[in-house]
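When you line the sequence shown up against the numbering used here, it's residues 780 to 1272, in that order. Below: one structure, written as structure tokens.
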Amino acid sequence: MEAPGSMVLVTGLEGLVGQQSTSLFSISAHPGEHPRMGALDVCPFVPVRNVSMEECVTCAHIFGQRLAAELGVPVYLYGAAARHESRKALPSIRAGEYEALPEKLAKPEWAPDFGPPTFVPRWGATVTGARTFLIAYNINLLCTKELAHRIALNIREQGRGPDQPGRLKKVQGIGWYLEEENMAQVSTNLLDFETTPLHTVYEEICRDAQELNLPVVGSQLVGLIPKKAMLDAAEFYIKKEKLFILEEEQKIRLVVNRLGLDSLSPFHPRDRIIEYLVEAGEVDGGLVAKPLGAFVRAVGARSAAPGGGSVSAAAGALGAALGSMVGLMSYGKRQFEDLDPIMRKLIPPFHQAMEELVAMVDADSHAFSSYMEAMKLPKNTPEERERRTAAMQQGLKAAVGVPYGLAEKVSGLWPALKELARHCNLACKSDIQVGAKMLEAAVFGAYFNVMINLKDITDEKFKLVMSQKVSGLLEEAKQGSAVVLALLDKRVA
780 MEAPGSMVLV
790 TGLEGLVGQQ
800 STSLFSISAH
810 PGEHPRMGAL
820 DVCPFVPVRN
830 VSMEECVTCA
840 HIFGQRLAAE
850 LGVPVYLYGA
860 AARHESRKAL
870 PSIRAGEYEA
880 LPEKLAKPEW
890 APDFGPPTFV
900 PRWGATVTGA
910 RTFLIAYNIN
920 LLCTKELAHR
930 IALNIREQGR
940 GPDQPGRLKK
950 VQGIGWYLEE
960 ENMAQVSTNL
970 LDFETTPLHT
980 VYEEICRDAQ
990 ELNLPVVGSQ
1000 LVGLIPKKAM
1010 LDAAEFYIKK
1020 EKLFILEEEQ
1030 KIRLVVNRLG
1040 LDSLSPFHPR
1050 DRIIEYLVEA
1060 GEVDGGLVAK
1070 PLGAFVRAVG
1080 ARSAAPGGGS
1090 VSAAAGALGA
1100 ALGSMVGLMS
1110 YGKRQFEDLD
1120 PIMRKLIPPF
1130 HQAMEELVAM
1140 VDADSHAFSS
1150 YMEAMKLPKN
1160 TPEERERRTA
1170 AMQQGLKAAV
1180 GVPYGLAEKV
1190 SGLWPALKEL
1200 ARHCNLACKS
1210 DIQVGAKMLE
1220 AAVFGAYFNV
1230 MINLKDITDE
1240 KFKLVMSQKV
1250 SGLLEEAKQG
1260 SAVVLALLDK
1270 RVA
């Protein structure tokens, strides 16, 4: 198990790594339930945004080397930074914990990656590395520690050993007792929430608890969580219970309720969901954070960005928003009650596309940045010129990808828009007509942005394929818009 709070220590690196640090810590008399082997037990580097796993591996190596050199303590590498296959998993390195370190360090196969193979009683050993986002998640049970641990053994991937693996991949787990809360917990680490989602862990533990006649009384997230993990759980419960929820805030609230995340303390999404924290810390919220007037003036300024690509994305977002609005105006009213099942199916694609196309407003303005950065690369030698040219070509392909993605996203909306035109509240006829033309205009803009960047790309196969694809999407948009308008013209209020 890995304590997620260790992530916070990365931000305090300068204060931590200093010659006086070892005098501030002593693990020799440290009691507790959680496995540990050092005063600074584990310090992972996690790629959250605009950073690669490879860069995190480099950070872990630098940190481990410096920690060992300045404090004279043993440091191990794990996860993506591990130099040995046997050290990829944290529990393998931690086996025996602090108490077994003197004997472990004496074995050649357990020589640390950095620092001396000697036991430092006040410090122990530190593990550092790089990994994907880990979710520390505990489920509350009114039972004994032993019963909670029995469930943990059932669900964790390691199970009871090689011959008795558990049910859930990429999940670690132990059972413990919280004296201060007078309850037990199955404490889990989700090493990859895409493989085993949050709600799956909760539901599987509830299933085992029910078989043992044990009450589950909520759950607890320790540290931060990616927004996608919460939204994936929301979609699970929406589908399971046949609910109709569109707004992100309401989806988060549903998950908090269904998982009982506020059972031990209040759960404040703005403080616990990592994307919200990152956004709150940004000085510049981007184009989409600007008032409409400021965005229009930014487009009208003497600057290449924002330009036609961002305007196309904004047009697409507004077109999708009008589709969502028309659907909602045709839903939940007695006079349109027979349309509710249809609208429940049609509204979500527009709402989701609206959010994704809004994000493309900024994505397009940034799309050319890799090309511009490549242009600044040195070109003094043949090798440098070759690297610069390759980077510029890659940058152009990236610049093509954003507007093409916009056209592809709009392409998925035409079937729903045609269906909406057949059934919607005719009081919104002009709104859906405008929406159709906005979506068509967005694809026109995407087409022109793709084509202007393709001309400088030297990969002829890429150019041909991309040109054919975006031309096809443009024709589809023309036809789709025309069909929607024709369907509406045939309807009589």
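The beta-carbon is built from N, C-alpha and C at its ideal position, and this holds for glycine as well.
Buried or exposed for residue i, please, with buried defined as at least 16 other CB atoms from any protein chain shown within 10 angstroms of its CB.
i	result
residue 1141	buried
residue 882	exposed
residue 1036	exposed
residue 975	buried
residue 814	buried
residue 1260	buried
residue 892	buried
residue 978	buried
residue 1271	exposed
residue 935	buried
residue 874	exposed
residue 987	buried
residue 1103	buried
residue 784	With a pLDDT of only 36 at residue 784, under the threshold of 50, the placement of this residue in the model should not be trusted; the figure read from the coordinates follows. So residue 784 counts as exposed.
residue 966	buried
residue 941	exposed
Would you identify the three-state DSSP class for residue i, choosing helix, strand or coil?
i	result
residue 922	coil
residue 1260	helix
residue 967	strand
residue 1227	helix
residue 1126	helix
residue 825	coil
residue 819	coil
residue 860	coil
residue 1052	strand
residue 1083	coil
residue 1232	helix
residue 792	With a pLDDT of 48 at residue 792, under the threshold of 50, the modelled position of this residue cannot be trusted; read the value that follows with caution. Note: residue 792 maps to helix in three-state DSSP.
residue 1003	coil
residue 855	strand
residue 1168	helix
residue 995	strand
residue 837	helix
residue 917	strand
residue 1192	coil
residue 953	strand
residue 906	strand
residue 893	strand
Residue i and residue j: beta carbons closer than 8 Å?
i	j	result
residue 1018	residue 963	no
residue 1136	residue 1069	no
residue 983	residue 947	yes
residue 859	residue 828	no
residue 920	residue 898	no
residue 1101	residue 1199	no
residue 1143	residue 1209	no
residue 1042	residue 997	yes
residue 867	residue 855	no
residue 1249	residue 1226	yes
residue 945	residue 957	no
residue 851	residue 895	yes
residue 1267	residue 1211	yes
residue 869	residue 926	no
residue 1229	residue 1179	yes
residue 1185	residue 1139	yes
residue 1008	residue 1031	no
residue 1006	residue 1054	yes
residue 832	residue 876	no
Pop quiz: residue i and residue j are said to be a contact at Cβ under 8 Å. What is the actual Cβ separation, rounded to whole angstroms?
i	j	result
residue 1192	residue 1147	26 Å between Cβ atoms; not a contact.
residue 1096	residue 1133	6 Å
residue 1098	residue 1218	4 Å
residue 880	residue 968	Contact doesn't hold; Cβ gap of about 22 Å is too wide.
residue 1172	residue 1237	6 Å
residue 1123	residue 1023	5 Å
residue 995	residue 918	6 Å
residue 824	residue 839	5 Å
residue 1240	residue 1233	Wrong, their Cβ atoms sit about 12 Å apart, outside the cutoff.
residue 1175	residue 1167	So it is not a contact: roughly 13 Å between Cβ atoms.
Using 8 Å as the cut-off, can you tell me whether the region 946–953 makes contact with the region 993–1008, which would need three or more C-beta pairs spanning the two stretches below that distance? no
Kindly confirm or deny that the region 1107–1115 and the region 1199–1210 touch, where touching means at least three C-beta pairs closer than 8 Å. yes
With contact counted as at least three CB pairs below 8 Å, one residue from each stretch, are the region 1248–1264 and the region 1205–1225 in contact? yes
Say whether the region 834–854 touches the region 897–914, bearing in mind that this needs 3 or more beta-carbon pairs closer than 8 Å, one atom from each stretch. yes
Between the region 1039–1049 and the region 819–835, are three or more C-beta pairs nearer than 8 Å? no
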